[in-house]
Amino acid sequence: MHNVNTNGFRGMDSHKRPPHGRTFRTRLRTIGASLSLLLAASVAGAQQPVTRADSAVALNARPLSLEEAVNVAQGASEVVSIAQNAVTRSRGQQYQARSGLFPQLNASGNYTRTLKSQFQGAFGGGTTSDSTILPSGPPGPCNQYVFNPDSSTLSRVTGLEQYARCTAAGNNGGSTGGIDFSRAGFGAANAYTLGLTGSQNLFTGGRISGQIQSAGANRRSAEVEVSAQRAQLKLDVTSAYYDAALSDRLVSIAQATLSQTENLLRQTQLQQRVGNVSEFDMLRAQVSRNNQLPVVLQRENDRDVAYLRLKQLLNVPLEQQLALTTSVEDSTAGPPGLDLARAATPDTVTSHRAPVRQANEAVAAQRGQLRVAHAERIPSVTLSSSYGRVAFPNALFPSLADFRPNWTVTLGTSFPIFAGGRIRGDELIAQANLRDARARLEQTREYAALDSRVALSNLRQAAATFTASEGTAAQAQRAYQIAEVRYREGISTQLELNDIRNQLAQALVNRAQAGRSVQIARVRLALLPELPIQSQGAGQTNLSQQQQQQQMIQQQSPQQSAQQIGAPSQGLPSTGGTQRPVAQPGSNQ
Numbered sequence: 000m001h002n003v004n005t006n007g008f009r010g011m012d013s014h015k016r017p018p019h020g021r022t023f024r025t026r027l028r029t030i031g032a033s034l035s036l037l038l039a040a041s042v043a044g045a046q047q048p049v050t051r052a053d054s055a056v057a058l059n060a061r062p063l064s065l066e067e068a069v070n071v072a073q074g075a076s077e078v079v080s081i082a083q084n085a086v087t088r089s090r091g092q093q094y095q096a097r098s099g100l101f102p103q104l105n106a107s108g109n110y111t112r113t114l115k116s117q118f119q120g121a122f123g124g125g126t127t128s129d130s131t132i133l134p135s136g137p138p139g140p141c142n143q144y145v146f147n148p149d150s151s152t153l154s155r156v157t158g159l160e161q162y163a164r165c166t167a168a169g170n171n172g173g174s175t176g177g178i179d180f181s182r183a184g185f186g187a188a189n190a191y192t193l194g195l196t197g198s199q200n201l202f203t204g205g206r207i208s209g210q211i212q213s214a215g216a217n218r219r220s221a222e223v224e225v226s227a228q229r230a231q232l233k234l235d236v237t238s239a240y241y242d243a244a245l246s247d248r249l250v251s252i253a254q255a256t257l258s259q260t261e262n263l264l265r266q267t268q269l270q271q272r273v274g275n276v277s278e279f280d281m282l283r284a285q286v287s288r289n290n291q292l293p294v295v296l297q298r299e300n301d302r303d304v305a306y307l308r309l310k311q312l313l314n315v316p317l318e319q320q321l322a323l324t325t326s327v328e329d330s331t332a333g334p335p336g337l338d339l340a341r342a343a344t345p346d347t348v349t350s351h352r353a354p355v356r357q358a359n360e361a362v363a364a365q366r367g368q369l370r371v372a373h374a375e376r377i378p379s380v381t382l383s384s385s386y387g388r389v390a391f392p393n394a395l396f397p398s399l400a401d402f403r404p405n406w407t408v409t410l411g412t413s414f415p416i417f418a419g420g421r422i423r424g425d426e427l428i429a430q431a432n433l434r435d436a437r438a439r440l441e442q443t444r445e446y447a448a449l450d451s452r453v454a455l456s457n458l459r460q461a462a463a464t465f466t467a468s469e470g471t472a473a474q475a476q477r478a479y480q481i482a483e484v485r486y487r488e489g490i491s492t493q494l495e496l497n498d499i500r501n502q503l504a505q506a507l508v509n510r511a512q513a514g515r516s517v518q519i520a521r522v523r524l525a526l527l528p529e530l531p532i533q534s535q536g537a538g539q540t541n542l543s544q545q546q547q548q549q550q551m552i553q554q555q556s557p558q559q560s561a562q563q564i565g566a567p568s569q570g571l572p573s574t575g576g577t578q579r580p581v582a583q584p585g586s587n588q
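In numbering that gives the first Met the number 0, the protein residues as written are 0 to 588.
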């Protein structure tokens with residue numbers, strides 16, 4: 000009865016032995032097959048798979064280190080630019096808030112041409128296009144009707160009547176007396192007005208100080224956001240860089256495994272030709288090789304995606320080839336300006352975290368807004384003054400003598416008597432926003448403490464995995480070498496060789512992934528105080544979304560903005576000086 004032994008050879012029953020000559024010939028065929036396999040192995044060893052670095056050099060790729068990648072990303076990051084714009088915006092809001100402490104001075108100038116006037120002909124007589132014709136009287140000059148003090152009473156009365164009629168008719172002739180209405184603005188054809196207005200808030204009940212407090216807190220929060228975005232960019236670029244380097248390593252491992260399966264297939268084909276292995280073993284070797292092909296394709300696709308992600312962060316053309324020069328296992332490499340020694344003793348104090356500092360500033364900003372809301376009930380006092388020069392010449396262009404001064408000073412106060420509940424509504428909104436900011440601060444502290452502990456745990460786990468994988472990869476490599484010799488000599492089976500090969504590939508993959516995890520964890524711990532919170536709960540909303548919702552609530556109504564302006568100056572109209580309420584940073588984003 001024939002059976003198949005553990006090596007896959009077809010033989011006879013155990014009590015039967017082949018003749019001595021047949022055994023000798025079998026051994027010769029085995030030795031010949033072994034020599035052929037050794038030759039094939041040497042040829043295969045000379046033909047190593049092309050690595051990513053080799054292909055990059057062939058394509059004239061751009062060498063790129065981790066430090067250079069971070070520097071390039073910082074100079075081309077849109078996220079950092081947006082954060083810097085928020086700082087500029089908050090500085091502008093700070094200027095707006097502080098402007099209420101200083102005098103407001105505005106200049107104006109106007110020219111008016113009257114085509115038709117309601118005062119034309121108002122005093123009888125005809126009308127002209129340039130002046131008003133008054134009632135006729137004795138011919139001028141009017142000073143000829145001045146009487147002698149020694150004249151009689153009748154002469155005096157007659158002289159006064161003639162003088163009044165003369166001056167009323169405008170026949171003064173340059174002497175004193177009479178009113179020229181055409182030069183007083185009543186129906187004047189030409190009118191020139193030059194004005195200078197100023198105002199100063201004397202007392203606002205805390206409105207301006209509240210706006211300054213809120214604007215200052217918003218600016219500090221925006222500055223913290225810039226540092227946080229820069230730290231996050233360093234972490235993102237580092238992660239993308241090591242992801243691309245890891246993908247290179249995984250492609251090399253997959254290609255090496257494919258090369259091993261192809262060598263095994265060639266060995267099995269040679270042994271099958273000399274009759275040392277069955278067709279089943281050859282088919283199994285072919286299946287192992289074919290199953291490895293999709294793995295290589297998947298690894299190459301993952302590598303391409305990782306490089307595209309890195310190029311996107313660096314803002315380089317997607318068709319640009321890159322050659323990464325920093326190894327995943329280089330423990331000294333890191334982003335520029337970062338001391339990786341900080342990862343050994345990281346700053347895990349919750350109050351030092353950037354999100355916690357931003358939440359504190361949000362509370363301060365809401366306190367300022369609450370002061371602004373309370374100040375609406377308190378009277379405000381404003382001192383204003385208007386100085387102007389007016390002229391109503393008969394000719395088109397006036398002379399300096401035609402201008403007359405007009406100067407007023409006003410001390411005004413304003414306070415609401417009845418607003419229909421608007422002020423109470425503003426106070427309720429400000430109080431609710433302040434309570435929300437305080438609750439958000441406590442929530443951020445909790446998540447910051449959790450995030451710090453998660454980051455420490457991730458580093459410990461990654462370091463332990465990397466240390467354990469170091470010996471495992473070397474042992475797996477040695478085991479595979481022994482398994483190859485055992486299989487060539489017919490001592491072990493192809494199944495055992497495949498199992499050892501899979502263990503070797505897995506050990507190499509684990510070591511590469513552990514190296515990448517260690518590098519990312521070390522960089523994250525070193526940047527921890529400036530980084531946003533990563534370990535967020537399911538019920539936590541993104542901080543920027545919360546701020547945007549809060550800013551929409553805090554936007555003041557036009558009526559409130561108008562009441563927050565000081566008492567308007569009287570006299571000549573003002574051409575500017577309107578003070579706008581302070582907005583929150585990011586409201587225009």
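Heads up, the beta-carbon is just placed ideally off N, CA and C, and yes, glycines get one too.
Residue span of the beta strand (DSSP E) that contains residue i, given as start and end
i	result
G194	N189 to F202
T325	Taken as a continuous stretch (DSSP letters only), T325 belongs to no beta strand (DSSP E), as it is neither H nor E.
S413	R403 to S413
Assigned secondary structure, residue i (DSSP; H/G/I helix, E/B strand, else coil)
i	result
L159	helix
N105	strand
Q365	helix
R61	strand
V348	coil
S76	coil
T492	coil
S379	strand
A390	strand
S277	coil
T29	Note that T29 scores a pLDDT of 45, beneath 50, so its modelled location is shaky; the value from the coordinates is reported in the next line. Three-state result, T29: helix.
T87	helix
S98	helix
S151	coil
S384	strand
Residues near residue i in its chain [Cβ-Cβ closer than 7 Å; skip 5 each side]
i	result
E495	A482
V42	Residue confidence for V42 is low, a pLDDT of 35 falling below 50, so the modelled location carries little weight; the figure read from the coordinates is stated next. Excluding sequence neighbours, V42 sits near nothing in its chain.
N70	P335
Q231	L530 and P531
A284	L263, L264, T267 and Q493
Y629	No answer is possible for residue 629: it lies beyond the span of the chain, which begins at 0 and ends at 588.
V295	A253, Q254 and L257
P354	T443, A447, P531, I532 and L542
Supposed contact pair residue j and residue i - C-beta distance, whole angstroms, cut 8 Å
i	j	result
R61	A322	7 Å
R376	I211	With a Cβ gap of about 20 Å, R376 and I211 do not count as contacting.
M589	Q268	Outside the shown range of the chain (0 to 588) lies residue 589, about which nothing can therefore be said.
R218	S89	4 Å
L249	V508	6 Å
S64	T324	5 Å
Close-in-space but distant-in-sequence residues of the same chain around residue i (CB under 6 Å, 5 per side omitted)
i	result
F414	P378
A239	R308, L309 and L312
A363	A216
E638	Nothing about residue 638 can be reported from this structure: the residues present for the chain run from 0 to 588 only.
A436	A361, V362 and Q365
G663	Only positions 0 to 588 of the chain appear in the structure, and residue 663 is not among them; the question remains open.
S398	none
Y94	none
N314	A75
L104	G197
A590	Beyond the ends of the chain as shown, which are 0 and 588, falls residue 590; an answer cannot be given.
L440	A358 and V362
Endpoints, alpha helix (DSSP H) assigned at residue i
i	result
I252	R206 to R272
I428	R421 to R487
Cβ-based neighbour list, residue i, same chain, cut-off 8 Å, excluding 5 preceding and 5 following
i	result
F465	R510, A513, G514, S516 and V517
Q368	G209, S213, A429, N432, L433 and Q553
**Request:** May I have a chain-ordered list of the beta strand (DSSP E) segments no shorter than 3 residues that lie completely inside the region 288 to 331?
**Result:** Counting only runs of 3 or more residues that sit fully inside the region 288 to 331, the beta strand (DSSP E) segments are 321 to 323, in chain order.
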